[in-house]
Amino acid sequence: MSWGRGVEGLIGALATAGALALAQPAAGQEALPTIEQMRARDVLAAPEGELAAWRAFTARVLADPASPPELVAESRLGLAIALMYAQANADGLAEWQAADALVAALPAPPAFLARHQATGSLLLTEAARLDEAEALARAALATAQAAGPGGLVDQALARNAQGMIAFARNDLAAAESAFCTARDLGLAAPSPYHAMVVNDASSCGAVKYYLERPDTLAAMRLASDHAHAHLPPDHPKMGNVLNSAYAVLLRYGRYAEAEPLIRRHLELERTLRTGDADEIYDPLSLLARALELRGAYADAEVLFRAAADMADRLRSATQPWARGRARGNLAVVLARQGRLDEAEAEARAGVERLVAELEPGNSNIGSGQVVWADQLERLGRRDEALAQVDEGLALLSAEYPPEHSEVIAARLIRARVLAGLGRTAEALEQSREASGLFAKQMFDLAASETDRVALSRVVPRAFADHVAVALAAGDMGEAVQAAQLLLLSEQGISNARIAAGALAREEGLGAAVDRLEAARAAVQAADKALAAAQASGSADAADLAPRLAAARDEAAAAQGALLEAFPQYAELARPQVPTLGELQAKLGAGEVLVLPLALPDRALTITVTRDAVAWGQADLPPMQVAALAERVRLSAQSPGAFDVSAARALHDVVFPAAVRDLATGARELLFPAAGYLARLSPAVLLTGAADPARLADAPWLVRRSAIRVVADLARLGPADAPLAARDFLGVGAPDGLPPALASAAASLPPLPRARAELDDLARALAPPGATVLAGAEASESALATLDLPRFGVIAFATHGLVGGEVAGLDEPALVLAGSAEGGSAEDGLLTASEIAGMKLAADWVILSACDTAAGQSTGAPGYSGLARAFAQAGARSLMLSHWRVRDDAAAFLSVETLRRAGTGDRAEALRQAQLALMARADLADAAHPAVWAPFAILDN
């Protein structure tokens, strides 16, 4: 489960919220000799520079005995503000108190009184003197309101101060109201202080994120758009923009894309301040969380420990829960590594800190108790766990509505505890209801958002608790549905949208569907470009932000128009999860569906046939399961000593004894396109002992059964029908490499067999018509001239690239012929986004290229790159590769598979081709998985 409020980095927007603007900021930041020039400074600029300027100015004022008291008071106020932003809060409060004494002695209230009062409130909040801070914030608001429209900026500051007090008290609803009101007041001011508007808008979005408000993303986008429109790219408040950007990506489950933005934010904050700071702690914690969610547990642990140590040193008054929450973060990642005793100790320490440092009833204590209960249950201490989770759930329920993710996750943990205590009926009822709420929220998000959602990452791991509870209760139907929720592939959304669009087209709404699809593609392209610019600190971000905003407006308008004409579209576009009975009805004789799961404390597999279901488990934590799969994948990528022990051990994890009999006699094994096997073919698993020197005789799983990967279990269909008598298209064997890949030439070997492979594929299929684009003709412009829906089989024989593999390429691509002219339409890189925009009706797409089953980028889920793109374009089935494929092996496997697929069973055809290849003595290393095992069949 997520610890605390889930997105610690967003707190950074709040921790720096108390900006004081004496006037509209000027572009220069030079030390200036007059109070008018000092007022014109941007107090939200780099804190060390501001502090130096105000120290010098105040020293000069104090040294001059002729300085008027009002000037002395204002200069000391300015120094207090600079000290506050330099994290010297105690010194800042002392300076403010000196200024306050001078203000009290003035014959009339000074013009800066409201700002003086609001600043005092912010500094008292940092000192944890919240009642005094609240009184000053109220006074500041009254003073500013009396000034009329000219006091709107000061009103915004006073509201900001009230938001900080509410946040420190954990009154998030009040904080939301205050920060969002501050934002709106700042926008309405005759001369808005733009950095302050961005600050308040970011804080508004951050609290909405915690509260899981439906308008969260809109609030964050407002902050980002305003910053790009009004602030220079190197302004400190651009950190808030990065924060908003990666918060959206995290909401969509796109952790690999969020990571560079978090790193950029962390880098920016470290350049602005030295030592410890809330602004550094927050993105550091969130970077650790992103790594944890990607499965990089050891790396995440290092960062979580660093963040916990920093929190101990900071003892933040505005984030008094940080020390306890940091220990809870660490507990979770330790548990993921199977270190349960250490995890329990850290969780207990976290709760002890929270209880000691927060008021009774604070929901953060409840969050800590739920994390502790999770660890206690895994250690078998269930009575203690139940006491903690009950107390924690009560605190969370008092703060949040029933549909809040923290409440739901706590209920699922409670259900698991009850199941362990033997109260399985009660546990299953609670688990079913909670997981149903989670599923609805995630599917609603997937169906309604125009941005790309990585559903396999968005769907929370809490569904693992529902699996465990259902199995404990003996309800296999519930367990199978929960397992599917954990294993939703990247193509679940694409397929649902394609199906919904097809039905809309039948209603005569093809133009509306095309408009929406084009708008979504434009959003994805603009989003990708802006994220890349933000991660690199490029000034291009200012120009790209309006483009993204316009694209989102058009997508929203297109979706609204389609929904108005075809209201059923929203429901039809939601991914579906079939029941056990529905799955069994779709399975044929000899077919076994295999659902391998990595639960937080063990590996578990459910197998389903048309008339039976079984499950078994292995006591391995997810980190060890992932490590085992990675060992197999790495040793399979190139000829050499293959790790037979890892392949045998992984087989026993995937097929524990309790399910082995059901799977052993399978004609065909069906696997989901997600989970820990998504980056390698199960064909390489070993069913028995093997000699690494005699791989030709090894008992590979593929010797026993054909392997098929299913992109969307909701659309699981019967065995493949024979390929229809439709035309064939072959593309590849480009002349040389396009200019865009000049720097990568050494890593991309020649493909001497590619042209012959395309010709052989055409002969093997014997279609009514065949088109081959090779050499210079294998170009994007040539493809664009073809009527692509008429081709039943489309094959690409070329290089495949993963996003990030070469400089400037941030998404997967196929290499074609290209030139330096013509822009992206002729650059020789057929990218995933360009493929997704094609219109195909192919029964089968064969990607005889390298790494075509890989994700959108390094670290992204398997099958989320080219596979999803071709699915969106309309491909019904694909043959793709998990690693680099040798040219001669690719040619043999693709041609033999197509030749043997005449009866329609493509998985069996690939199996026969693989067995034939590994038996060839004339082909070097033919029996090594690097040569025969890269390809997999993916049914869409």
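Counted from 1, the sequence shown has number 236 at position 236 by UniProt numbering; the numbering is strictly sequential.
Backbone N, C-alpha and C define an ideal beta-carbon position, used for all residues, glycine too.
Along the chain, where does the alpha helix (DSSP H) containing G524 start, and where does it finish?
Just to set this straight, residue 524 is Gln in the shown sequence, not Gly. Residues G510 to S536.
Run through the stretch 336–407 for me and flag every whole alpha helix (DSSP H) of 4 or more residues, listed as ranges in chain order.
Listed in chain order, the complete alpha helix (DSSP H) runs (minimum 4 residues) inside the stretch 336–407 are 340–357, 363–378 and 382–399.
Determine, using beta carbons only, whether S894 and I846 come nearer to each other than 7 angstroms.
Yes.
Within the same chain, show all residues whose beta-carbon is closer than 6 angstroms to that of E478, passing over the 5 residues directly before and after it, in chain order.
Here the set comprises A470.
The beta strand (DSSP E) with F728 in it runs from where to where?
Run containing F728: D727 to G732, per the beta strand (DSSP E) assignment.
Which residues in the same chain as G324 place their Cβ atom closer than 6 angstroms to its Cβ, once the five residues preceding and following it in sequence are excluded?
Here the set comprises G350, R353, L354 and G368.
Is the beta carbon of E780 less than 7 angstroms from the beta carbon of L830?
Closer than 7 angstroms, so yes.
Quick one: Cα of P738 to Cα of G537, how far?
C-alpha separation (whole angstroms): 28 angstroms.
Per DSSP, what are the beta-bridge partners of G616 in this structure?
BP columns for G616 point to T605.
With DSSP as the reference, identify every bridge partner of L593, one or two as the case may be.
Answer by DSSP bridge pairing, in chain order: V608 and L670.
Measuring straight from C-alpha to C-alpha, what distance separates L157 and C180?
L157 and C180: Cα-Cα distance of roughly 12 angstroms.
Using a Cβ-Cβ cutoff of less than 7 angstroms, which residues in the same chain neighbour V248 once the five nearest sequence positions on both sides are dropped?
Excluding positions up to five away in sequence, the list reads L217 and M220.
Touch check for the stretch 668–682 and the stretch 533–550: three-plus C-beta pairs under 8 angstroms?
With a cut-off of 8 angstroms, the stretch 533–550 and the stretch 668–682 do not count as touching, because too few Cβ pairs lie within range.
Does the beta-carbon of S244 have 16 or more other beta-carbons within 10 angstroms, so that it is buried, or is it exposed?
With 16 or more Cβ atoms within 10 Å of its Cβ, S244 is classed as buried.
Taking the alpha-carbon of P749 as reference, which of A519, D282 and P734 has the nearest alpha-carbon?
Looking at the Cα atoms, P734 is the closest of the given residues.
Can you give the beta carbon distance from R602 to Q617, rounded, assuming they're within the 8 angstroms contact cut?
Indeed they touch by this definition, with Cβ atoms about 5 angstroms apart.
So does the stretch 76–85 actually touch the stretch 44–58, counting three or more Cβ pairs closer than 8 angstroms?
With the cut-off at 8 angstroms, the stretch 76–85 and the stretch 44–58 touch.
Identify the residues that DSSP records as bridge partners of M879: which are they?
Bridge partners of M879: I846 and I937.
Does the Cβ of A326 have 16 or more other Cβ atoms within 10 Å, making it buried, or fewer, making it exposed?
The residue in question, A326, is buried, as its Cβ has 16 or more Cβ neighbours within 10 Å.
Please work out which residues of its chain come closer than 8 angstroms, Cβ to Cβ, to R726, disregarding the five sequence neighbours upstream and downstream, and give them in chain order.
Only P767, P768, R790, F791, G792, V793 and D843 meet the Cβ criterion.
From what residue to what residue does the beta strand (DSSP E) around F566 run?
F566 -> no beta strand (DSSP E), and no H or E assigned at all.
Please classify R753 as buried or exposed, where buried requires at least 16 other C-beta atoms within 10 Å of its C-beta.
Classification of R753: buried, given that the 10 Å Cβ count is 16 or more.
So for A472, helix, strand or coil by DSSP?
Correct three-state label for A472: helix.
I'd like the list of long-range same chain contacts for R648, defined as Cβ closer than 6 angstroms, with 5 residues on each side in sequence excluded.
Closer than 6 angstroms at Cβ, skipping near neighbours: L686.
Sort P401, Q430 and G420 by Cα distance to residue 944 and report the nearest one.
Outside the displayed range of the chain (1 to 940) lies residue 944, so it cannot be described from this structure.
Do the CB positions of R900 and A907 come within less than 7 angstroms of each other?
In this structure, A907 does not lie closer than 7 angstroms to R900 by Cβ.
Is it buried or exposed, A19, if we count other Cβ atoms within 10 angstroms and call 16 or more buried?
In this prediction, A19 has a pLDDT of 35, which is less than 50 and means its spatial position is unreliable; nothing more can be read from the coordinates.
As a quick exercise: from G501, A555 and A545, pick the residue whose alpha carbon is nearest that of A522.
Out of G501, A555 and A545, A555 has the C-alpha closest to the C-alpha of A522.
Does DSSP put S435 in a helix, in a strand, or in coil?
Note: S435 maps to helix in three-state DSSP.
Could you have a look at T58 and say whether DSSP puts it in helix, strand or coil?
T58: helix per DSSP, three-state reduction.
Have a look at L587 and L604 and give me their C-alpha separation to the nearest angstrom.
So the alpha carbons of these two residues sit roughly 21 angstroms apart.
Are the beta-carbon atoms of V710 and L670 separated by less than 7 angstroms?
A contact, by the Cβ cut-off of 7 angstroms.
A356 and E346: beta carbons closer than 7 angstroms?
For A356 and E346, no; Cβs fall outside 7 angstroms.
Tell me the start and end of each unbroken alpha helix (DSSP H) in the stretch 669–721 that is at least 4 residues and wholly inside, in chain order.
Runs found: 701–704.
So, for A26: in the same chain, excluding its five sequence neighbours on each side, which residues have a beta-carbon less than 6 angstroms away from its beta-carbon?
Low confidence applies to A26: its pLDDT is 42, below 50, so where it sits in the model is not reliable enough to give any reading.
Assuming D465 contacts A496 under a Cβ cut-off of 8 angstroms, what Cβ separation, rounded to an integer in Å, is found between them?
With a Cβ gap of about 25 angstroms, D465 and A496 do not count as contacting.
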